[in-house]
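Novice: Top to bottom, those sequences are chains U and P. First residue of the first sequence: 1, per the UniProt record's numbering; consecutive thereafter. First residue of the second sequence: 1, per the UniProt record's numbering; consecutive thereafter.
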Amino acid sequence: MSTSTTSAPPGTEDPPEARAAPRRGKPDPAWTGWRRALRRDWQLYSLAILPLLFFLVFRYLPMIGNVIAFRRFEPGGSIFGEEWVGLRYVQMFLSDPTFWQVFRNTLWIGGLTLLFCFPVPIVLALLLNEVRRRSLKRFVQSVSYLPHFLSIVIVAGITMQMLASDGPVNHMLGWFGHEPIRFIQEPEWFRTIYVGSEIWQTAGWGTILYLAALTTIDEDLYEAARIDGANRWQQIWHVTLPGIRPTMVTLLILNIGAFMAVGFEKVLLLYNPLTYQTADVISTYVYRSGVESNSFSYAAAIGLFEAIIGLILITSANQLSRRTVGTSLW
Amino acid sequence: MVKPSRSYRVFQGVNGVVLTLVVLVTLYPFVNILARSFSGERQIRAGEVTLLPKGFNLTTYEIVFQDAMFWRNYGNTVLYTVVATAVAMVLTTCYAYVLSKKHLKGRGLLVGIAVFTMFFTGGLIPNYILVTSLGLKNSVWAIALPNAISVFNLLVMKAFFENLPTELEEAAQIDGLSTYGILLRIVLPLSKAVVATMVLFYSVSFWNSWFSAFLYMDRTDLMPVTVYLRNLIQGATGGGNAGAGTEQLSQVGANIQSVTIVLTALPILCVYPFVQRYFVSGVMLGAVKG
Numbered sequence: 001m002s003t004s005t006t007s008a009p010p011g012t013e014d015p016p017e018a019r020a021a022p023r024r025g026k027p028d029p030a031w032t033g034w035r036r037a038l039r040r041d042w043q044l045y046s047l048a049i050l051p052l053l054f055f056l057v058f059r060y061l062p063m064i065g066n067v068i069a070f071r072r073f074e075p076g077g078s079i080f081g082e083e084w085v086g087l088r089y090v091q092m093f094l095s096d097p098t099f100w101q102v103f104r105n106t107l108w109i110g111g112l113t114l115l116f117c118f119p120v121p122i123v124l125a126l127l128l129n130e131v132r133r134r135s136l137k138r139f140v141q142s143v144s145y146l147p148h149f150l151s152i153v154i155v156a157g158i159t160m161q162m163l164a165s166d167g168p169v170n171h172m173l174g175w176f177g178h179e180p181i182r183f184i185q186e187p188e189w190f191r192t193i194y195v196g197s198e199i200w201q202t203a204g205w206g207t208i209l210y211l212a213a214l215t216t217i218d219e220d221l222y223e224a225a226r227i228d229g230a231n232r233w234q235q236i237w238h239v240t241l242p243g244i245r246p247t248m249v250t251l252l253i254l255n256i257g258a259f260m261a262v263g264f265e266k267v268l269l270l271y272n273p274l275t276y277q278t279a280d281v282i283s284t285y286v287y288r289s290g291v292e293s294n295s296f297s298y299a300a301a302i303g304l305f306e307a308i309i310g311l312i313l314i315t316s317a318n319q320l321s322r323r324t325v326g327t328s329l330w
Numbered sequence: 001m002v003k004p005s006r007s008y009r010v011f012q013g014v015n016g017v018v019l020t021l022v023v024l025v026t027l028y029p030f031v032n033i034l035a036r037s038f039s040g041e042r043q044i045r046a047g048e049v050t051l052l053p054k055g056f057n058l059t060t061y062e063i064v065f066q067d068a069m070f071w072r073n074y075g076n077t078v079l080y081t082v083v084a085t086a087v088a089m090v091l092t093t094c095y096a097y098v099l100s101k102k103h104l105k106g107r108g109l110l111v112g113i114a115v116f117t118m119f120f121t122g123g124l125i126p127n128y129i130l131v132t133s134l135g136l137k138n139s140v141w142a143i144a145l146p147n148a149i150s151v152f153n154l155l156v157m158k159a160f161f162e163n164l165p166t167e168l169e170e171a172a173q174i175d176g177l178s179t180y181g182i183l184l185r186i187v188l189p190l191s192k193a194v195v196a197t198m199v200l201f202y203s204v205s206f207w208n209s210w211f212s213a214f215l216y217m218d219r220t221d222l223m224p225v226t227v228y229l230r231n232l233i234q235g236a237t238g239g240g241n242a243g244a245g246t247e248q249l250s251q252v253g254a255n256i257q258s259v260t261i262v263l264t265a266l267p268i269l270c271v272y273p274f275v276q277r278y279f280v281s282g283v284m285l286g287a288v289k290g
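Quick look at the structure:
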């Protein structure tokens with residue numbers, strides 16, 4: 001635990017008054033400001049070195065590493081590629097029919113996720129908020145949080161077990177005299193399975209912020225609404241919903257920002273060649289063409305395209321919400 | 001308060017029913033998997049297992065327990081979780097402490113460097129190439145280093161440090177303690193709550209992670225148990241490692257997945273009742289301050 005504590009003989013610092021003393025006759029105030037800050041806080045800055053190195057190497061270097069999308073990369077060579085090839089890889093994927101298929105699939109799955117997974121926590125939070133018995137409310141909450149804590153691998157495993165030909169879902173279909181459905185092998189079922197398991201895993205956890213927002217709504221507002229003759233529904237419509245609107249907008253922006261990054265890991269776990277036609281999304285295609293088929297530059301070009309669309313989406317959602325409802329992330 | 005109206009009482013009733021359904025739908029898969037893991041193969045295939053085990057037996061557990069690779073992978077998960085959490089805690093604590101010092105020149109820039117990575121990342125391929133060329137493949141560092149700081153956790157910890165009383169630190173400084181001394185001997189002892197929370201956040205996420213290991217570990221004996229489970233799900237591994245007779249193997253095919261799911265989830269399910277409220281308060285703190 002003590003990587004950064006070894007080099008510090010205690011008590012070598014100047015006392016505070018001496019540090020603050022201004023130097024005489026220095027022309028550039030910005031520069032002396034930094035010099036003084038460094039002299040005073042060098043120990044603090046030294047604590048930031050390793051974390052900064054982390055961000056530099058594992059976060060910013062890969063961002064720059066995206067230039068291989070425009071350079072020919074050879075395994076074992078420079079991580080920035082060997083020579084410029086311009087937009088060759090971009091043209092390649094734009095004329096690749098598989099790319100357009102995975103692009104469509106990404107929009108479908110992202111859109112359905114937004115449509116179904118975003119409102120569910122709001123409704124659940126509103127329902128929980130109407131529960132009078134605290135113990136009951138806590139119990140429901142605790143249970144609904146549970147799936148959030150499990151590994152995505154476990155969620156995928158459970159999903160497959162539930163949908164197996166001998167699993168509970170098919171068993172239930174049997175009651176109605178329905179033939180068993182091979183859910184995992186059928187492309188037309190993939191989106192339903194994906195969104196369903198996503199709701200199962202995230203709905204409860206998603207209520208946390210809404211419930212917190214609900215507790216901050218002023219009781220007087222309800223009182224006033226009642227005096228004005230508002231019934232329960234009108235109170236929800238005119239007091240509760242406006243009260244949680246900032247939270248809703250913030251989470252909506254975040255969801256839109258994550259639109260392109262549709263549950264990559266879950267798709268990777270749940271899909272198979274039989275369901276590629278509806279299940280394969282941009283990120284899984286990037287994974288297969290890059291890591292599995294070694295077309296690194298080609299895959300990086302697609303990945304970059306995906307990241308840029310994601311960035312554009314989140315920035316425009318942010319702008320839009322700032323203009324229309326006055327809440328924004330930054 | 002006025003007597004609740006009739007329609008509201010109806011609503012309360014409906015609400016109760018809906019929430020009960022939510023609870024049932026959430027819990028049923030767990031109960032079913034647990035029941036399957038103790039059930040006989042024939043009963044599972046016939047779709048008879050619902051809430052309670054049918055044809056109770058421990059054969060599958062015995063098979064999994066006898067599988068050396070399962071234990072090996074389980075041990076790997078423990079090792080990776082411990083190492084990665086330790087690295088993450090050191091780096092996150094250091095940076096969060098630096099960021100919490102409001103007077104620090106360049107603080108805005110340091111915060112920005114971290115926060116920007118929440119909105120734009122390098123992407124899978126450049127990361128993969130980087131980790132591979134650094135020679136981290138097949139080592140625990142491939143899992144620990146690229147995920148050493150979660151910006152969300154960083155902001156939660158920063159917010160906590162900012163709320164500590166500054167007088168104590170000033171007094172310690174006057175008494176001649178260095179910044180490192182203040183962090184180790186004054187700030188950290190006062191921050192047990194947030195440190196414990198962060199350890200939980202990180203260890204749960206490292207315990208649950210699979211994709212880094214899946215990408216960077218080429219050998220079966222280096223994989224964490226999540227990848228073991230993933231291979232089972234994908235049918236890449238049958239009961240091949242079990243070293244059991246054919247009779248047992250059909251048992252394997254039927255419910256070894258359930259047993260592995262139960263065993264992988266077990267540690268999380270055991271700590272879950274205790275960690276849940278820390279997670280909840282952590283999320284709130286992160287949401288308010290982030």
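Beta carbons are placed, not taken as given, at the ideal position from N, Cα and C, and that holds for glycine.
1) Whole angstroms is fine: what's the gap from A18(U)'s alpha carbon to Q319(U)'s?
2) Between P147(U) and chain P, is any beta-carbon pair separated by less than 9 angstroms?
3) Determine, using beta carbons only, whether N76(P) and V49(P) come nearer to each other than 9 angstroms.
4) Is R6(P) helix, strand or coil when you go by DSSP?
5) Given Q276(P), which residues of its chain have a CB within under 7 angstroms of its CB, disregarding the five upstream and five downstream residues?
6) Could you name the residues of the same chain whose beta carbon sits closer than 7 angstroms to that of G81(U), not counting the 5 residues immediately before and after it, in chain order?
7) When DSSP labels each residue in this structure, what does R72(P) get in the three-state scheme?
8) Taking the CB atoms as reference points, tell me whether L114(U) and G204(U) lie closer together than 9 angstroms.
9) Since Q161(U) is in the alpha helix (DSSP H), which residue starts that stretch and which ends it?
10) Counting only beta-carbon separations shorter than 9 angstroms, does V283(P) have a partner in chain U?
11) Quick one: Cα of V25(P) to Cα of H178(U), how far?
12) Check for me: the alpha helix (DSSP H) holding S203(P) runs from which residue to which?
13) Do Y74(P) and S37(P) have their C-beta atoms within less than 9 angstroms of each other?
14) My understanding is that V227(P) touches W210(P), with C-beta atoms under 8 angstroms, so please give their C-beta distance in whole angstroms.
15) Note the first and the last residue of the continuous alpha helix (DSSP H) segment covering P121(U).
16) For T192(U), is the beta carbon positioned less than 8 angstroms from some heavy atom of the ligand NAP?
17) Compare the Cα-Cα distances from A213(P) to each of A68(P), G47(P), V140(P) and L19(P) and report the closest residue.
18) Given a threshold of 16 other Cβ atoms within 10 Å of its Cβ, counted over all protein chains shown, does K102(P) qualify as buried or as exposed?
19) Could you tell me whether the Cβ of W200(U) comes closer than 9 angstroms to any Cβ of chain P?
20) Is the Cβ of H238(U) closer than 9 angstroms to any Cβ of chain P?
21) Put E74(U) into one of helix, strand or coil per three-state DSSP.
22) Just to make sure I have the definition right: I need the residues of chain C whose C-beta is within less than 9 angstroms of the C-beta of N32(P). Which are they?
23) Measure the C-alpha to C-alpha separation of E186(U) and F99(U) and round it to an integer number of angstroms.
24) What is the DSSP secondary structure of E83(U), counted as helix, strand or coil?
25) Check whether chain U comes within 9 angstroms of P165(P), counting only Cβ atoms and requiring the distance to be less than that.
26) At 7 angstroms on the CB atoms, spell out the chain P contacts of F54(U), in chain order.
27) Ends of the alpha helix (DSSP H) at W330(U)?
28) What are the start and end residues of the alpha helix (DSSP H) that includes L214(U)?
29) Using C-beta distances below 6 angstroms, list every residue in its chain close to R322(U), excluding the 5 sequence neighbours before and after it, in chain order.
30) Out of Q201(U), I199(U), T240(U) and L209(U), state which residue places its alpha-carbon closest to the alpha-carbon of E219(U).
31) If the cut is a Cβ gap below 8 angstroms, which residues of chain U does W141(P) touch?
32) Please compile the residues from chain U whose C-beta is within a distance smaller than 7 angstroms of the C-beta of N153(P).
33) Exposed or buried, N138(P), counting other C-beta atoms within 10 Å across all chains shown (16 or more means buried)?
34) List the whole-angstrom C-beta distance separating V140(U) from L128(U), where the pair is believed to meet the contact cut-off of C-beta under 8 angstroms.
Specialist: Let me spell this out:
1) Indexing the first sequence from 1 puts residue 18(U) at position 18. Indexing the first sequence from 1 puts residue 319(U) at position 319. Annotation note: pLDDT 44 at A18(U) (below 50); position unreliable, no value reported.
2) Walking along the first sequence from the start, residue 147(U) turns up at place 147. P147(U) counts as touching chain P.
3) The sequence position of residue 76(P) within the second sequence is 76, counting from 1. The sequence position of residue 49(P) within the second sequence is 49, counting from 1. Not closer than 9 angstroms, so no.
4) The count along the second sequence starts at 1 and reaches residue 6(P) at position 6. The answer is helix: DSSP assigns R6(P) an H, G or I state.
5) Mapped onto the second sequence, residue 276(P) falls at position 276. None.
6) In the first sequence, counting from the first residue as 1, residue 81(U) sits at position 81. V67, I68, R71, R72, F73 and S297, listed in sequence order.
7) Along the second sequence, read from residue 1 onward, the residue named residue 72(P) stands at position 72. R72(P) falls in the helix class under three-state DSSP.
8) Taking the first residue of the first sequence as position 1, residue 114(U) is located at position 114. Taking the first residue of the first sequence as position 1, residue 204(U) is located at position 204. No; because the gap between Cβ atoms is not below 9 angstroms, this pair is not in contact.
9) Numbered from its first residue, the first sequence carries residue 161(U) at position 161. Here the alpha helix (DSSP H) through Q161(U) covers I152 to L163.
10) Numbered from its first residue, the second sequence carries residue 283(P) at position 283. Yes, V283(P) counts as interfacial toward chain U.
11) Your numbering for residue 25(P) matches position 25 in the second sequence. Your numbering for residue 178(U) matches position 178 in the first sequence. Rounded to whole angstroms, V25(P) to H178(U) spans 21 angstroms at the Cα level.
12) In the second sequence, residue 203(P) corresponds to position 203, counting from 1. It spans K192 to N208 - the alpha helix (DSSP H) in which S203(P) sits, taken as one unbroken run.
13) In the second sequence, the residue the question calls residue 74(P) occupies position 74. In the second sequence, the residue the question calls residue 37(P) occupies position 37. No, they are not a contact pair.
14) Reading the second sequence from its first residue, position 227 is the one you call residue 227(P). Reading the second sequence from its first residue, position 210 is the one you call residue 210(P). About 5 angstroms separates the two Cβ atoms, so the contact holds.
15) Position 121 of the first sequence, counted from the start, is the residue given in the question as residue 121(U). Unbroken alpha helix (DSSP H) run through P121(U): P119 to N129.
16) The ligand NAP is not part of this structure, which contains no ligands at all.
17) Position 213 of the second sequence holds residue 213(P). Nearest option by C-alpha distance: V140(P).
18) Along the second sequence, read from residue 1 onward, the residue named residue 102(P) stands at position 102. Classification for K102(P): exposed.
19) Translated into positions along the first sequence, residue 200(U) becomes position 200. Yes, its Cβ sits closer than 9 angstroms to a Cβ of chain P.
20) Looking up residue 238(U) in the first sequence gives position 238. No, H238(U) lies away from the interface with chain P (no Cβ there is under 9 angstroms from its Cβ).
21) Residue numbering aside, residue 74(U) sits at position 74 when the first sequence is read from its first letter. Looking at E74(U) - three-state DSSP - the assignment turns out to be coil, as it is neither helix nor strand.
22) In the structure shown, chain C does not exist; the protein chains are U and P.
23) The residue labelled residue 186(U) in the question sits at position 186 within the first sequence. The residue labelled residue 99(U) in the question sits at position 99 within the first sequence. Roughly 21 angstroms between the two C-alpha positions.
24) As a first step, residue 83(U) is located in the first sequence; it is residue number 83 there, counting from the start. DSSP places E83(U) in strand when its eight states are reduced to three.
25) By 1-based counting over the second sequence, the position of residue 165(P) is 165. So no, P165(P) is outside the interface.
26) To locate residue 54(U), count along the first sequence from 1; it is residue 54. Within chain P, the residues near F54(U) are L91, A148 and I149.
27) Counted from its first residue, the first sequence places residue 330(U) at position 330. That residue, W330(U), is in no alpha helix (DSSP H); it is neither H nor E in DSSP.
28) On the first sequence, position 214 is the one that residue 214(U) refers to. Counting along the chain, the alpha helix (DSSP H) containing L214(U) begins and ends at F190 to T215.
29) Taking the first sequence and counting its residues from 1, the one referred to as residue 322(U) is at position 322. Correct list, in chain order: S328.
30) The residue given as residue 219(U) occupies position 219 in the first sequence. Closest option to E219(U), Cα to Cα, is T240(U).
31) Residue 141(P) sits at position 141 when you count from the first residue of the second sequence. In chain order: nothing, as chain U lies at least about 11 angstroms away.
32) Translated into positions along the second sequence, residue 153(P) becomes position 153. Neighbours of N153(P) on chain U: none; closest Cβ ~12 angstroms, over 7 angstroms.
33) Residue numbering aside, residue 138(P) sits at position 138 when the second sequence is read from its first letter. N138(P) is exposed by the Cβ-count criterion.
34) On the first sequence, residue 140(U) is found 140 positions in, with the first residue counted as 1. On the first sequence, residue 128(U) is found 128 positions in, with the first residue counted as 1. Rounded, the Cβ-Cβ distance is 6 angstroms, consistent with contact.
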